[in-house]
Ligand code: IMP
Ligand code: MG
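In the numbering used here, the protein residues as written are 7 to 337.
Below, the structure is given as structure tokens:
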């Protein structure tokens, strides 16, 4: 499984896409909801997925949406059409976000102005789910052809590889994040597993994804936040994949990362955008070819976290990756 160790947008989508190409899993399961955009860049073109897993990049991988996830039907259908025709599934129990939820959320001043919600109706739909009045995938005729028992699919495909794609980030977790500046679900490893319908003993590898710097969109604390001009100067200003809002930025934070390790029990760590901090790392795929400062920094992170750092992102495409899993005994 792939989990985000900061505030979302660490590049989980790219890491999951890389794993799909490198490991050729039989199945990939997406958790979360359409407030989260997972980005993958292929031959220079950006693809933002809000429902299907970015593992679509491997045409042999089946794509499923978890029972604890939420979908918007139009987004699901258009992503199936574009990325997953003939190999997409949605669990019977997956929740459905409807227009009323979007309206309700967008008229909530606290959520929109203080928390900085993406306004996708996800929180409002979760409220309805807790109140047991949310409609589920099984209630919609148009979803009938895609309905599946996703937890059963996971166990059936386990031998041939299953990737579970987490969503958002550890510090946006409803339980473990910077409440109330959080999203409407638990997005730590255990929350993701619960959404997918898998127990912790069935999981072989928990990949915790950090970015070489920290970003956050919306309200809430961001330790070490840089003034926008400084973030700009460093080339660290990104935009929200769903809302287009500029992301706030800060340098990598060891304390935050350690807390994410404590909350997620990773077996390995991925760090993306190494090239945004160490420019000469751009596009490299071998450890030996990384600049010495980058290698030293990665070793320092590994020492502090006491978890092997196995995947290093060096550019936007899935194959811009240094993969140390074999060397470090995690493959
Ligand atoms: P909501 O979950 O859309 O209500 O947003 C609540 C908070 O989580 C806001 O600060 C959002 O910016 C943040 N958030 C929600 N989804 C994502 C995401 O996918 N990436 C980054 N931040 C997110
Ligand atoms: Mg994102």
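Even glycine gets a Cβ: it sits at the ideal position worked out from N, Cα and C. All values reported here derive from a predicted model rather than from experimental measurement.
Per DSSP, what kind of secondary structure is residue 257 in: helix, strand or coil? Translated into positions along the chain shown, residue 257 becomes position 251. Three-state result, residue 257: strand.
Taking the alpha carbon of residue 298 as the point to measure from, which residue in 237, 286 and 309 has its own alpha carbon closest? The residue labelled residue 298 in the question sits at position 292 within the chain shown. It is 286 whose Cα lies nearest to the Cα of residue 298.
Applying the criterion that 16 or more other CB atoms from any shown protein chain within 10 Å of the CB defines a buried residue, is residue 312 buried or exposed? Here the question's residue 312 lines up with position 306 in the chain shown. With fewer than 16 other Cβ atoms within 10 Å, it is exposed.
Residues of its chain near residue 127, where Cβ-Cβ distance is below 6 Å and the 5 sequence neighbours each way are ignored: The residue given as residue 127 occupies position 121 in the chain shown. Once the five neighbours on either side are set aside, the close Cβ partners of residue 127 are 103, 107, 108 and 111.
Note down the Cα distance separating residue 325 from residue 76, rounded to an integer number of angstroms. Taking the chain shown and counting its residues from 1, one reaches residue 325 at position 319. Taking the chain shown and counting its residues from 1, one reaches residue 76 at position 70. For residue 325 and residue 76, the distance between alpha carbons rounds to 30 Å.
Flag this pair as touching only if the region 67 to 81 and the region 145 to 159 have three or more C-beta atom pairs under 8 Å; answer yes or no. yes
Test item: CB-CB of residue 247 and residue 54 under 8 Å: Translated into positions along the chain shown, residue 247 becomes position 241. Translated into positions along the chain shown, residue 54 becomes position 48. Closer than 8 Å, so yes.
Okay, do the region 35 to 52 and the region 208 to 227 touch, 3+ Cβ pairs below 8 Å being the bar? no
Rounded to whole angstroms, what's the CA-CA distance from residue 236 to residue 159? Just pull it up for me. Along the chain shown, read from residue 1 onward, the residue named residue 236 stands at position 230. Along the chain shown, read from residue 1 onward, the residue named residue 159 stands at position 153. Their Cα atoms are separated by approximately 47 Å.
What are the partner residues of residue 52, as DSSP defines its beta bridges? For the purposes of this step, residue 52 is taken as residue 46 along the chain shown, with counting starting at 1. Its beta-bridge partners are 47.
Considering only their Cβ atoms, is the gap separating residue 260 from residue 310 smaller than 8 Å? By one-based count along the chain shown, residue 310 stands at place 304. By one-based count along the chain shown, residue 260 stands at place 254. Contact: yes.
Could you name the residues of the same chain whose beta carbon sits closer than 6 Å to that of residue 56, not counting the 5 residues immediately before and after it, in chain order? Mapped onto the chain shown, residue 56 falls at position 50. Around residue 56: 40, 43 and 81.
Over what stretch of residues does the alpha helix (DSSP H) that includes residue 162 continue unbroken? To locate residue 162, count along the chain shown from 1; it is residue 156. Start and end: 156 to 163.
Could you tell me how far apart the beta carbons of residue 218 and residue 278 are, in whole angstroms, since I believe they sit closer than 8 Å? As a working note, residue 218 is residue 212 in the chain shown. As a working note, residue 278 is residue 272 in the chain shown. Sure, about 7 Å apart at Cβ, within 8 Å.
Measure the Cβ-Cβ separation of residue 61 and residue 28 and say whether it is below 8 Å. By 1-based counting over the chain shown, the position of residue 61 is 55. By 1-based counting over the chain shown, the position of residue 28 is 22. No, the Cβ-Cβ distance between residue 61 and residue 28 is not below 8 Å.
DSSP beta-bridge partners of residue 8: Numbered from 1 along the chain shown, position 2 holds the residue referred to as residue 8. Partner(s): 171 and 213.
Within 10 Å of its beta-carbon, does residue 137 have 16 or more other beta-carbons around it, so buried, or fewer, so exposed? Counting from 1 along the chain shown, the entry for residue 137 is found at position 131. Looking at its Cβ environment, which holds fewer than 16 other Cβ atoms inside 10 Å, residue 137 is exposed.
Answer with buried or exposed for residue 274, where buried requires no fewer than 16 other C-beta atoms within 10 angstroms of its C-beta. Start at 1 with the first residue of the chain shown, and residue 274 comes out as number 268. It counts as buried.
Can you tell me whether DSSP reads residue 276 as helix, strand or coil? Counting from 1 along the chain shown, the entry for residue 276 is found at position 270. Of the three classes helix, strand and coil, the one that applies to residue 276 here is strand, per DSSP.
Just how far apart, CA to CA, sit residue 19 and residue 171? Numbered from 1 along the chain shown, position 13 holds the residue referred to as residue 19. Numbered from 1 along the chain shown, position 165 holds the residue referred to as residue 171. Cα to Cα, the separation comes out at about 8 Å.
Classification of residue 84 by the beta-carbon crowding that lies within 10 angstroms, buried from 16 upward: As a position in the chain shown, residue 84 is number 78, starting the count at 1. Per the 10 Å Cβ criterion, exposed.
Euclidean distance between Cα positions of residue 322 and residue 292: Reading the chain shown from its first residue, position 316 is the one you call residue 322. Reading the chain shown from its first residue, position 286 is the one you call residue 292. Near 16 Å, if we compare the C-alpha coordinates of residue 292 and residue 322.
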